[in-house]
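From first to last, the protein sequence lines stand for chains A and B. Going by the numbering used here, the first residue of the first sequence is number 88, and it counts up by one from there. Going by the numbering used here, the first residue of the second sequence is number 119, and it counts up by one from there. Using N, Cα and C, we set each Cβ at its ideal position, and we do this for glycine too. Since the structure comes first, as structure tokens, the remarks are kept for the end.
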Amino acid sequence: MIRKRSYFKTRSLPYLLILPQILITLTFFYWPAVQGVITSFQVSDPFGFRTKFVWFDNFIALFSDPLYLKSIATTLLFSGSVAIVSIGFGLFLASMANRVLKLTTLTRTLLIWPYAIAPAISGILWLFLLHPSYGVVAIGLENWFGIDWNPLLKSSNAMLMIVMASAWKNISYNFVFFLAGLQAIPRSLIEAAAIDGASPFRRFWTITFPLLSPTFFFVTVMTIIFSFFESFGVIHAVTQGGPGGSTNILVYKVYQDGFIGLNLGSSAAQSVVLMGLIILITVLQFKYVERKVQYMG
Amino acid sequence: MSKIKCFWLVMAVGMLISFAGSAFAKPIDIHWWHAMRGARGEVVQHIVDQFNNSQSDYHVVATYKGAYDEVVNAGVAAVRAGKQPHILQSFEVGTQTMMMSGAIYPVHQLMADKGYKVDWSQYLQPVLSYYMNADGNLMSMPFNSSTPVMYYNVDLFKKAGIPMLSKEKPITWDMLGEITGKLVKSGVEGGLVTAWQSWTQVENYSAIHNIPFASKANGYEGLDTKLMINNDKVVNHVARLKSWMSDKRFYYGGQKYQGPKSEFIAQNAGVYIDSISGIAKLKKAVKDFTWDVAPLPVESWMKEPQNSIIGGASLWVFQGLPKKDYAGVAAFLKHLAGNESQIYWHKQTGYFPITLKAYDKLKADGYYAANPLQEVGIKQLTRRIPTKISRGLRLGYFIQIRNIINEELELVWSDKKTPQQALDAAVARSNVKLREFERIYK
Chain A
88 MIRKRSYFKT
98 RSLPYLLILP
108 QILITLTFFY
118 WPAVQGVITS
128 FQVSDPFGFR
138 TKFVWFDNFI
148 ALFSDPLYLK
158 SIATTLLFSG
168 SVAIVSIGFG
178 LFLASMANRV
188 LKLTTLTRTL
198 LIWPYAIAPA
208 ISGILWLFLL
218 HPSYGVVAIG
228 LENWFGIDWN
238 PLLKSSNAML
248 MIVMASAWKN
258 ISYNFVFFLA
268 GLQAIPRSLI
278 EAAAIDGASP
288 FRRFWTITFP
298 LLSPTFFFVT
308 VMTIIFSFFE
318 SFGVIHAVTQ
328 GGPGGSTNIL
338 VYKVYQDGFI
348 GLNLGSSAAQ
358 SVVLMGLIIL
368 ITVLQFKYVE
378 RKVQYMG
Chain B
119 MSKIKCFWLV
129 MAVGMLISFA
139 GSAFAKPIDI
149 HWWHAMRGAR
159 GEVVQHIVDQ
169 FNNSQSDYHV
179 VATYKGAYDE
189 VVNAGVAAVR
199 AGKQPHILQS
209 FEVGTQTMMM
219 SGAIYPVHQL
229 MADKGYKVDW
239 SQYLQPVLSY
249 YMNADGNLMS
259 MPFNSSTPVM
269 YYNVDLFKKA
279 GIPMLSKEKP
289 ITWDMLGEIT
299 GKLVKSGVEG
309 GLVTAWQSWT
319 QVENYSAIHN
329 IPFASKANGY
339 EGLDTKLMIN
349 NDKVVNHVAR
359 LKSWMSDKRF
369 YYGGQKYQGP
379 KSEFIAQNAG
389 VYIDSISGIA
399 KLKKAVKDFT
409 WDVAPLPVES
419 WMKEPQNSII
429 GGASLWVFQG
439 LPKKDYAGVA
449 AFLKHLAGNE
459 SQIYWHKQTG
469 YFPITLKAYD
479 KLKADGYYAA
489 NPLQEVGIKQ
499 LTRRIPTKIS
509 RGLRLGYFIQ
519 IRNIINEELE
529 LVWSDKKTPQ
539 QALDAAVARS
549 NVKLREFERI
559 YK
């Protein structure tokens with residue numbers, strides 16, 4: 088039998104209580120989103136004196152621009168790489184840290200640190216390592232290994248650099264969640280399996296991993312959203328979308344066209360596409376990936 | 119009782135008088151949003167303070183609003199909210215956007231309306247012409263203007279047995295090819311690096327050689343302008359730079375100035391093309407070698423090279439503020455153009471003085487005899503009367519067009535496109551942007 092712990096005497100009280108939250112959400116999330124959708128159907132001068140409704144012209148222009156399609160591909164490549172690198176390393180470090188016996192708190196605290204660094208600063212730090220003119224590592228690569236490292240001209244180098252800078256920061260975030268997930272797994276299960284003669288790999292694959300899947304799922308969604316949006320700071324500091332537009336991911340293009348270029352219609356249309364893409368990815372993940380996820384009872 | 123009443127009465131009258139007094143004496147605030155940070159911001163504040171102390175009717179409030187693009191965005195948002203400042207500093211690539219905005223009060227008209235008879239011919243014409251409309255009327259007040267020049271490492275030149283360059287007569291590009299060849303042979307890692315490649319190697323190259331950058335007089339005479347940079351001369355220039363890359367007589371250090379500058383400072387490159395306003399930065403940063411400045415190279419077929427064009431920013435006055443404020447705005451612009459402000463500005467920042475009077479005064483005072491580097495840019499800028507092609511560029515979405523040019527040049531440097539392919543693509547892509555811009559104002 089289900090018994091309600093609390094109930095409201097008047098019907099309006101619950102609505103009143105959530106009103107502030109709804110107001111905040113409407114003002115800061117829905118209103119700008121609706122404005123964005125409206126602007127995406129218009130061409131307008133920056134100052135808003137001349138605004139014309141043009142139906143889907145902005146979208147047609149976008150999708151007939153090969154560079155925009157290329158930017159979508161770049162974004163997927165970038166997000167995929169960041170997700171693989173940061174989730175892989177996060178999980179690896181978490182399972183290692185889970186076994187650390189001495190100085191556990193210190194080890195964990197140190198591993199969490201990079202997350203506290205703003206994306207732009209993270210980008211600058213990597214630039215100090217990898218800029219071909221003044222980067223310590225870049226100069227070392229050239230002098231000792233003869234590798235011609237040049238992210239200013241080589242698109243693969245540039246992509247590698249922003250993936251490293253973005254993933255590095257996100258590894259810590261994933262690490263925290265994986266560690267919490269690992270610690271929630273009952274020791275007795277793993278010990279029982281060990282007594283039955285299961286190898287460490289098999290124990291991980293058949294016990295730890297399934298029990299970790301809700302965390303895995305959460306972390307994947309968060310990482311992809313992070314790499315779509317928050318990586319802006321890294322790209323702005325490191326490559327500015329170059330060389331030759333090879334690291335110009337969608338969110339950076341929105342900024343370039345809207346904020347710097349003052350082409351508001353096109354920029355708004357790009358935001359709407361980006362919004363659609365994120366909704367699509369999230370829905371797909373919930374629909375197909377979440378089914379296989381096992382939550383602990 | 120009556121004593122107390124009397125006391126209150128006296129108090130009330132006293133307060134009223136003091137209120138009224140302060141209301142009458144309170145100067146009108148003039149707001150100026152700018153993008154001058156750090157040392158330059160202090161110079162701006164000094165000039166503003168001088169104006170505020172010189173009279174009591176107006177009080178100029180100068181506010182730093184971020185980098186150029188951020189200042190323009192702040193201006194856009196302010197106009198949309200009806201809270202625009204009086205004066206906004208906008209970079210030169212935003213000229214067309216500001217001019218077409220319908221939100222501005224043209225400077226030539228403001229000065230005339232407020233009774234200032236300004237003799238515009240007494241200003242440096244290549245600076246003014248960038249901000250004039252097709253009829254030759256000044257739309258915004260030039261503020262900080264610079265032009266690209268060529269820096270070279272004197273020590274490396276001596277080591278390679280290369281004679282020093284003239285500060286007035288430009289060398290040819292062929293000579294620069296030989297010079298950079300000698301530099302590389304003498305063991306220097308690279309020859310030439312350039313900052314702001316679109317501005318220095320395409321825009322200024324076109325102006326100096328009187329090659330149209332875009333149709334309709336570089337966009338001055340109509341929004342239906344098209345880019346023309348895929349002509350033989352510019353293509354050959356880019357192809358030459360590309361060919362120099364094979365033996366590192368030229369190499370790429372990045373779109374902006376930081377990369378190329380650090381190559382020059384690290385003595386990896388002997389020659390470095392950048393804005394004249396880099397003098398102050400290099401003076402601070404370079405400790406272990408001597409360097410000098412020369413005008414930009416020209417082609418051997420160009421017997422009478424044109425003026426180079428400027429970069430920098432100008433001051434736009436917004437409409438729609440209380441009428442009485444504009445007399446103050448005009449007075450302040452007059453103060454800015456005055457000799458004292460101009461000379462101080464030039465000496466402190468290296469940006470050009472905008473009036474001939476200030477330039478002549480600096481000459482007469484022997485400033486250039488003591489600081490010959492500063493004059494290289496001015497001489498290059500004023501060596502000819504600007505033509506319709508060399509007076510400036512007037513393009514919508516120019517920031518994006520510059521971006522496109524930068525991207526396509528990078529594709530040349532990284533062997534993905536030939537110079538012709540890249541410049542054709544730059545023209546095609548830019549024309550799409552120009553048509554989008556034109557459509558807004560149809």
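- Residues of chain B with a Cβ closer than 9 angstroms to the Cβ of SER131(A) are, in chain order, ILE558.
- Nearest C-alpha to SER158(A) among ILE365(A), THR334(A) and ASP344(A): THR334(A).
- Using a C-beta cut-off of 8 angstroms, the stretch 341–359 of chain B makes contact with the stretch 531–551 of chain B, since at least three inter-stretch Cβ pairs fall below that distance.
- Within 10 angstroms of the beta-carbon of GLU526(B) lie 16 or more other beta-carbons, which makes it buried.
- As the crow flies, the alpha-carbon of VAL411(B) is around 7 angstroms from that of VAL267(B).
- Assignment of GLN207(B) by DSSP, reduced to helix, strand and coil, places it in the strand class.
- If the five residues before and after ASP365(B) are omitted, its C-beta is found closer than 8 angstroms to the C-beta atoms of GLY299 and VAL302, all from its own chain and listed in chain order.
- Contact between the stretch 315–325 of chain A and the stretch 251–267 of chain A is established, with three or more Cβ pairs separated by less than 8 angstroms.
- Here the alpha carbon of GLN227(B) sits roughly 22 angstroms from the alpha carbon of PHE169(B).
- Leaving aside the five residues that flank GLN498(B) on each side, the residues in its chain whose CB is nearer than 6 angstroms to its CB run, in chain order, PRO413 and SER426.
- With contacts defined as CB atoms closer than 9 angstroms, GLN372(A) and THR310(A) fail to qualify as a contacting pair.
- Cβ-Cβ distances below 8 angstroms link ALA476(B) to ASN457, GLN460, ILE461 and HIS464 in the same chain, with the five nearest sequence neighbours on each side left out; the list follows chain order.
- Taking 7 angstroms as the cut-off between beta carbons, the residues of the stretch 219–237 of chain A near chain B are SER220 and TYR221, in sequence order.
- Among the residues facing chain B, ALA324(A) is not included, as its CB has no counterpart in that chain under 9 angstroms away.
- In this structure TYR375(A) is exposed. Its beta-carbon is surrounded by fewer than 16 other beta-carbon atoms within 10 angstroms.
- One Cα belongs to TYR186(B), the other to PHE209(B), and the distance between them is close to 6 angstroms.
- Looking only at THR192(A), ARG98(A), THR162(A) and PHE179(A), the smallest Cα-Cα distance to PHE296(A) is reached by PHE179(A).
- When 9 angstroms is used as the limit between beta carbons, ASN350(A) is near these residues of chain B: TYR515, GLN518, LYS551, GLU554 and PHE555, in chain order.
- Not flagged as an interface residue toward chain A: TYR375(B), since no C-beta distance is shorter than 9 angstroms.
- In the structure shown, LEU439(B) adopts coil according to DSSP, grouped into three states.
- Using beta-carbon distances, VAL190(B) counts as an interface residue toward chain A, with a partner under 9 angstroms.
- Straight across, the Cα-Cα distance linking LYS360(B) with VAL169(A) is about 34 angstroms.
- For LEU474(B), the closest of THR467(B), ALA455(B), ALA488(B) and ASN489(B) by C-alpha to C-alpha distance is ALA455(B).
- Within the stretch 271–300 of chain A, no residue has its Cβ closer than 9 angstroms to any Cβ of chain B.
- Contact between the stretch 303–321 of chain B and the stretch 380–393 of chain B is present: three or more C-beta pairs spanning the two stretches fall below 8 angstroms.
- Each residue's CA atom was taken as its position, placing PHE304(A) and LEU190(A) some 30 angstroms apart.
- Residue nearest to ILE507(B) within the set THR318(B), ALA153(B) and HIS327(B) is HIS327(B) (criterion: CA-CA distance).
- Taking 7 angstroms as the Cβ-Cβ cut-off, the stretch 307–337 of chain B has no residue approaching chain A.
- With respect to chain A, the C-beta atom of ASP342(B) has no partner C-beta closer than 9 angstroms.
- Under the DSSP definition of a beta bridge, LYS139(A) partners with VAL130(A).
- According to the DSSP assignment, SER264(B) belongs to the beta strand (DSSP E) that extends over 259–264.
- Between the alpha carbons of GLN129(A) and ILE205(B) lies a distance of about 29 angstroms.
- In the DSSP annotation of this structure, the continuous segment of the beta strand (DSSP E) that includes GLY309(B) starts and ends at 308–312.
- For TYR390(B), the enclosing beta strand (DSSP E) begins and ends at 387–393.
- Under the three-state reduction of DSSP, TRP362(B) is assigned to helix.
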